[in-house]
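Structure, as structure tokens:
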Amino acid sequence: MRDTVNECIKYIRKITDFVPDVAMILGSGLGGYTRQMEEVICSIPYSRIPGFPVSTVSGHAGKFVMGYLKGVPVIFMDGRVHYYEGYAPEDVVLPVRVMRAMGAKVLFLTNAAGGINEEYTPGSLVVLRDHVSLYVPNPLIGKNDPDEGVRFPDMTEVYDRALRRIITNCASAKDIPVSEGVYCQLSGPSYETPFEIMILSRLGVDLVGMSTVMEAITGRHLGMKVCGISLVTNMAAGINTEPLSHDEVKKAGKDSSEYFAALVTDSLCAIKQHLDAESQE
Ligand code: HPA
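Just so you know, we're using the working numbering here: the sequence shown kicks off at 4 and counts up by one.
Spelled out as structure tokens, the structure:
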């Protein structure tokens with residue numbers, strides 16, 4: 004695995020010596036977000052990077068975009084790699100390793116999710132407080148490289164408390180309602196059955212989706228500070244009666260993209276200030 008990361012880095016470093024502070028993964032419907040950058044240093048399609056998994060889902064562009072957003076050095080994954088596409092778990096999280104190796108200290112995850120908590124409505128934004136994964140393998144299974152992280156990494160606080168507070172404060176300052184919730188990753192690609200959602204609901208899960216947890220585990224393993232925001236694009240199966248469709252998920256992503264983008268931008272700036280303040284301590 005380390006060799007694959009090194010190959011990717013070797014290729015990227017031939018193109019740019021850019022060092023990001025934040026690595027951000029853009030979920031469904033947030034693809035256009037990279038247009039908010041004032042300076043794009045470079046954009047590298049995953050297909051050009053040796054050994055890199057390539058995203059195949061419509062609505063997922065599949066490239067790294069790096070540069071500055073309000074002065075914050077960020078690398079974006081414009082299109083993520085999903086387990087349900089058939090990739091091995093280590094391939095799903097390879098991009099996180101690569102972004103860490105480039106220098107990113109924070110992993111900022113975004114996703115589209117189904118709302119289980121009945122206080123949500125399509126368009127709700129939820130800051131991730133914790134997660135659970137079911138029927139999805141742990142991405143750290145296999146040989147551990149002690150230079151990357153410990154064999155048994157602690158997951159008591161996967162989603163960094165200070166970053167969660169920063170995002171929540173940015174939301175209040177803009178009058179954007181947010182709450183904190185627990186996200187469950189299932190494998191997909193089929194959406195859940197109403198019975199599966201009822202079980203998750205009884206377990207206290209707030210949101211369901213097909214990504215994020217594997218990436219968050221890897222980020223923590225590598226010592227990154229991790230945070231995440233889910234956009235509720237639909238209520239999960241059986242919570243209301245309509246059948247689920249990917250078009251609905253993409254449409255809700257588009258409809259909410261303005262205030263989601265506003266929150267993400269403010270949060271990025273505040274996170275950068277937090278990192279700078281910490282490094283001066
Ligand atoms: N289930 C799983 N993944 C999803 C959903 C859902 O209802 N909505 C958006 N991504």
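For each residue, glycine too, the CB sits at the ideal point set by N, CA and C.
None of these values were measured; they are calculated from a predicted model.
With a threshold of 7 Å, establish whether the CB of residue i neighbours any heavy atom of ligand 1.
i, result
"E195", "yes"
"T236", "yes"
"L247", "yes"
"V130", "no"
"A219", "no"
"V252", "yes"
"G126", "no"
"G231", "no"
"G191", "yes"
"G184", "no"
"A116", "yes"
"A91", "no"
"I265", "Correcting the residue identity first, residue 265 is Ala in this sequence and not Ile. No - ligand 1 has no heavy atom lying nearer than 7 Å to the Cβ of A265."
What does DSSP give as the partner residues of residue i in its beta bridges?
i, result
"V130", "E183, I232"
"A3", "Coverage of the chain is limited to positions 4 through 284, which leaves residue 3 absent and any answer about it impossible."
"G212", "Q188"
"V95", "Per DSSP, none; premise fails for V95."
"Y162", "V229"
"S46", "V68"
"I274", "Looking at the DSSP assignment, I274 forms no beta bridge with any residue, so it has no partner."
"M27", "F79, F111"
"N331", "In this structure the chain extends from 4 to 284, so residue 331 is not present and cannot be described."
"V135", "C187"
With a threshold of 7 Å on Cβ separation, who are the neighbours of residue i within its own chain once the five nearest residues in sequence on each side are excluded?
i, result
"S270", "I169, I170, C173"
"Y14", "I52, P53"
"V75", "D24, V25, L271, C272, K275"
Short of 6 Å in beta carbon distance, which residues of its chain neighbour residue i, apart from the five on each side in sequence? Order them along the chain.
i, result
"P140", "P92"
"F263", "L234"
"E10", "P53, G54"
"S117", "Here residue 117 is Gly; the residue named in the question, Ser, does not match the sequence. Result list for G117: V211, N237, A239, in chain order."
Are there any heavy atoms of ligand 3 lying less than 7 Å away from the beta-carbon of residue i, as far as the coordinates show?
i, result
"M213", "Within the structure as shown, ligand 3 is missing, the only ligands being ligand 1."
Among residues of its own chain, excluding the 5 on either side of residue i, which ones have a beta-carbon nearer than 8 Å to its beta-carbon?
i, result
"L266", "L128, I170, C173, A174, K177, I179, V181, I232"
If we define contact as Cβ-Cβ less than 8 Å, is residue i a contact residue for chain E?
i, result
"V99", "No chain E is part of this structure, which consists of one protein chain only."
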